[in-house]
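Worksheet for the structure shown next.
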Amino acid sequence: MPRDDGDEVEGRPVRPQKRKKKRKAPPRSVPVWAWVAVGIGALTLVVIGLVLVTRKGDRPTEPVARGDVRPVPEGSVGPGPGQPPVTVPPKTEPPKPVPPKVTPPKSEPPKLDPQGPAAEIDADWPVLPPRKRRNEATDTPNRTTVRWYPPVAGGGPLMVLDVPTEPYPPRPGPHRGLLARELARQALSMAAREEFGAGTRDAVLGEPPGDLTGRAPTRTFELAWLVFAGRSARATLSVADGAATRVAWELDVPLAGAPVLDYAALATALEAAARGPLADALAKETNAARVPVRVSDAKTPVDVEAGLKAVNYFELFRAVRTLHAAVRSGGESPALLTDLARGYATLGLLTEHLSVVSHKSFTARGLLYANRAVARKAPAGPWAVAYASCLAGLHQQALDQAKAAGGTPPPWARVIEPACRFDHVALRALPGDEVGPLAGVLRYLATQDKLARELSMSIGADVLRSDRDCFRVSGQMCVNAGELARTALTAESPRALSVALADRLAKFPELPPGATGVLAKVRGHDAAAQRALLRALEGVEKPGEPSLGCLATLVRAERYAHLGQRLLLYQRETRNAPALAEAAVREALPFLEDSPIRNLVATRLEPTAGGAARAAAQLPTSEVQVGGWGHWLNADRVVYDFDTGTALELAHADDTHGGLFDRPEANGPAAHIENHLKVSPHSPFVRVAMIHAIWDKVAGEAPAWEKEFAAHPLVLAELARKYLKVGRHDDAERAARAAVALSPDYRSYLVLMDLYREVRKDDAKLLAIMEDRLTRGGDRLEVAAMRVDIARFYGQRKDPATALKYAERAAEDTGAQWALSAAIAYSKQVGDKAKIALWHQRYQDRYGPLVGPGVVP
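For the sequence shown, the positions run 803 to 1659 when my numbering is used.
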């Protein structure tokens, strides 16, 4: 066969033939199963690699004595940023010589200025070993060690509850909410107190156990508590019997298959156990005699009734102690049990702004004593159950319980329905002689929000005019207020606390003689006198519930809250902010000398690497709650690869209105909003979240919401913003004008301004809207912001002289950085050198040199 490359065949040249192109075979498709196999193999290799890498640092170590306290490592763990990873030689190679281990220098506590009052951190700073994650099972329960002491001459037995422990770090699965935990702990406390006449001292309440010299516990129990929302709750009381541990009592509470926790079922079951099986187990294990049931017809004294209506926790504290003393001396009566539930429920509400968890204990006691009143056939018992649920933030549960109670509510229970429906208008209409000032507090809490602050601030001011020592309202006002109002509140609150502490404690009959002599100095805001007074309260060992040591803990927590509110003022980058913050800390430290959080506060004076985290590690992580000190734990990211403080806050949040509102998911996803609706179906805050997150699903309900929440500017303003965004301009104007009529907030006016500036392009009406805000008064910063907007309006229309008048007024009223910048910019446009120099100097005096030329805002 001839070749086609031009060679000769038999002496003759052969013409090259054209090479035929071979047809390419179509690509063969890879079977799907092959791709699946490759993916599974790759994923398996990745998982194995991650396990091998993390297993080394994931081995459990021995827990320290207090299992709920997280130590902080002295040095770094693993290679630092930018360092190469450690390589492992293959088995065939000889092992490389290991360099001698270099012991890192011992970590020293921060050294603070010794000249400041009580500024140095304690010298015996504990050095804690590094600890990795504990490989605990997901269903590890919360635990509390409980010690039972026999009676002494002239007294009864004593039960001491330690700080609870829990798995750390928290893992998803069980419900770790603080209210559910406290329901179990306080049920055990109530069983000891009411069934055996025992005194109780609880570390969560900050109650010292007193002098235990010569007394040894006859029994040491462990209370374990594990809840799965929608499934069941299980409580066990175990006792150590030699080397073995046996269960003395257990309780299983089936829960409805709902995504939110059924607190009514928990409280009912635990209260019944406290009167029955749980008390029987305590009697068997401790050989203590049960107190015979004594039912009396005692009525609540008139002065105690006045204390129950008070909105300062000093008067409420004294009223609750008086009620406990009446029960201890004369036996339970329907009126006394009902009022105990009222007192504890209100006490929980008025202390929930504090960083201590005692308010959860008070709320749990309110729910338990209300159910005990029902069990003792108290006529107002069902209303007490609804009242306790209402103040706990379980609004739908409270409405259902109030409906089941039937009949006419007692005067104090008339706040239940309007409070659960956030009807601040109806709360205002309630007669003050029947419900007391609590209606004003509930009215404020129904409207408080940063985005509709004018209405809530006016309501809060009304409360403080009549009850200046209502620190629940003043504390929340400091969070929501503008900068100027916050400055005034935070400057006044510490001295108001000193006055309230001296005046209110003077009425306590149990006040030790040594404490009465320092009340005058305490009233004068003397730190040493306050320390002496609170230490005297902690030293009182007379029977009484709650102990005076608990009140001392509340006062110290209030001092810390006032400092935190003050420091909020100095978060902005201003020239003198560090000096002001340091002065505030130095002023507060002497008042916090005996507080567990004192060392954490002291680290602000000289922040060092890990100092705040090390101080926070000394505090029990089981006490972390939203808005507390848990964020300081986030500094330790070498050991834990997630935000530990936030994880604890979320784990400890309850399925109440406040707990659901404080979570980051408050504005979504839809499942979280649905859960919030189940708990609080009439909340305006939930409606705002729905408008923001799931508008497509709820747009048809907007007209009905405008009617239902016609008195809530927060909902109306959010509807106006959404209407404007989707092009419903007439609806936007109607809702915005309704909102500003109730509360002249800057953000509501912005909707009208954008409408007439961008859509309708009507300068005359735009200017009229802005001028209207100036006539409404209110927060000076908001008024100044509107003046700067008007200045911008004239500046854009080539009238810098008029613009300068408005900018100068804003700068004079507030001294805000943006107002001073506007005054400088328009002074330059006018060309007034004197005013340019004046406003430059004022800016420099307050904020430092102005970098770059003034820019017209």
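Cβ coordinates follow ideal geometry from the N, Cα and C atoms, glycine included.
Residue j and residue i - do their beta-carbons sit closer together than 9 Å?
i, j, result
"Ile1493", "Lys1524", "yes"
"Arg1174", "His1197", "no"
"Ala993", "Gly958", "no"
"Tyr1596", "Ser1623", "no"
"Ala1241", "Leu1229", "yes"
"Leu1007", "Ser1260", "no"
"Glu1451", "Val1426", "yes"
"Ala784", "Ala1522", "With the chain running from 803 to 1659 in the structure shown, residue 784 is simply not present."
"Ala1071", "Ala1172", "no"
"Leu1339", "Leu1321", "no"
"Thr1020", "Gly975", "no"
"Asp1271", "Ala1317", "no"
"Leu1356", "Phe1023", "no"
"Arg1048", "Val1055", "no"
"Ala1200", "Pro1184", "no"
"His1327", "Ser1349", "no"
"Val1217", "Cys1192", "yes"
In terms of alpha-carbon separation, which member of the options lies closest to residue i?
i, options, result
"Gly1168", "Ala1180, Ser1157 and Leu1151", "Leu1151"
"Ala1254", "Leu1266, Ala1283, Ala1263 and Ala1639", "Ala1283"
"Val1428", "His977, His1454 and Ala1415", "His1454"
"Gln988", "Asp1396, Val1301, Pro969 and Arg1077", "Arg1077"
"Leu985", "Ala1194, Val1041 and Trp950", "Ala1194"
"His1364", "Gln1631, Ala1298 and Arg983", "Ala1298"
"Thr1165", "Ala982, Ala1128, Arg1178 and His1126", "Ala982"
"Asp1013", "Lys1344, Arg1416 and Glu968", "Lys1344"
"Val1113", "Glu1285, Ile842 and Asp1269", "Asp1269"
"Leu1353", "Pro1079, Asp1099 and Val1122", "Val1122"
"Gln1250", "Val1243, Ser1258 and Leu1244", "Ser1258"
"Ala1566", "Phe1116, Ile1592, Val838 and Asp1141", "Ile1592"
"Arg1361", "Pro1296, Val848 and Val954", "Pro1296"
"Asp1064", "Ser1034, Ala1074, Leu1039 and Thr1088", "Ser1034"
"Asp1532", "Glu1236, Asp1556 and Arg1337", "Asp1556"
"Ser991", "Glu968, Phe1116, Ala1127 and Val962", "Val962"
"Pro1471", "Ala1537, Pro943 and Lys1499", "Lys1499"
"Trp950", "Thr967, Ala1060, His1459 and Thr1002", "Thr1002"
Terminal residues of the continuous beta strand (DSSP E) containing residue i?
i, result
"Glu1154", "Segment: none, Glu1154 is in no beta strand (DSSP E) and carries neither H nor E."
"Thr947", "Asn944 to Tyr951"
"Pro1056", "Ala1046 to Pro1056"
"Ala1026", "Arg1021 to Phe1030"
Counting along the chain, where does the alpha helix (DSSP H) carrying residue i start and finish?
i, result
"Thr1249", "Leu1240 to Thr1249"
"Val1041", "Note, Val1041: premise wrong, no alpha helix (DSSP H); beta strand (DSSP E) at Ser1034 to Asp1043."
"Pro1505", "Ala1504 to Glu1510"
"Asp1661", "No answer is possible for residue 1661: it lies beyond the span of the chain, which begins at 803 and ends at 1659."
"Arg1288", "Glu1285 to Leu1307"
"His1459", "His1459 to Asp1464"
"Phe1366", "Note on identity: in this sequence residue 1366 is Gly, with Phe being the wrong assignment. Segment Leu1350 to Leu1369, the alpha helix (DSSP H) holding Gly1366."
"Arg1400", "Arg1400 to Ala1404"
"Trp1185", "Gly1183 to Leu1193"
"Gln1278", "Phe1273 to Asn1282"
"Glu1520", "Pro1515 to Val1528"
Counting C-beta neighbours from all protein chains within 10 Å, is the total for residue i 16 or more, i.e. buried, or is it exposed?
i, result
"Trp1641", "buried"
"Ala1639", "exposed"
"Ala1473", "exposed"
"Lys823", "At Lys823 the pLDDT is 49, less than 50, meaning the model places this residue with poor confidence; the figure from the coordinates comes in the next sentence. Exposed."
"Gly1145", "buried"
"Lys768", "Because the chain is modelled from 803 through 1659, residue 768 falls outside the range shown and cannot be assessed."
"Ala1290", "exposed"
"Val964", "For clarity, residue 964 is Asp in the given sequence; the question names Val instead. By the neighbour-count rule (16 or more Cβ atoms within 10 Å), Asp964 is buried."
"Ala1058", "exposed"
"Glu1614", "exposed"
"Tyr1649", "buried"
"Tyr1558", "buried"
"Lys1630", "buried"
"Gly1447", "buried"
"Trp837", "exposed"
Verify the contact flag: residue i, CB atom, against every heavy atom of the ligand NAD, threshold strictly below 8 Å.
i, result
"Glu968", "This structure lacks the ligand NAD; in fact it carries no ligand of any kind."
Unbroken stretches of the beta strand (DSSP E), 3 residues or longer, contained in the region 1570–1655: none
Secondary structure, alpha helix (DSSP H): runs of 4+ residues fully inside the region 1059–1145: 1065–1077, 1079–1088, 1104–1110 and 1115–1132
Complete beta strand (DSSP E) runs within the region 943–1001 (minimum length 3 residues, chain order): 944–951 and 960–963
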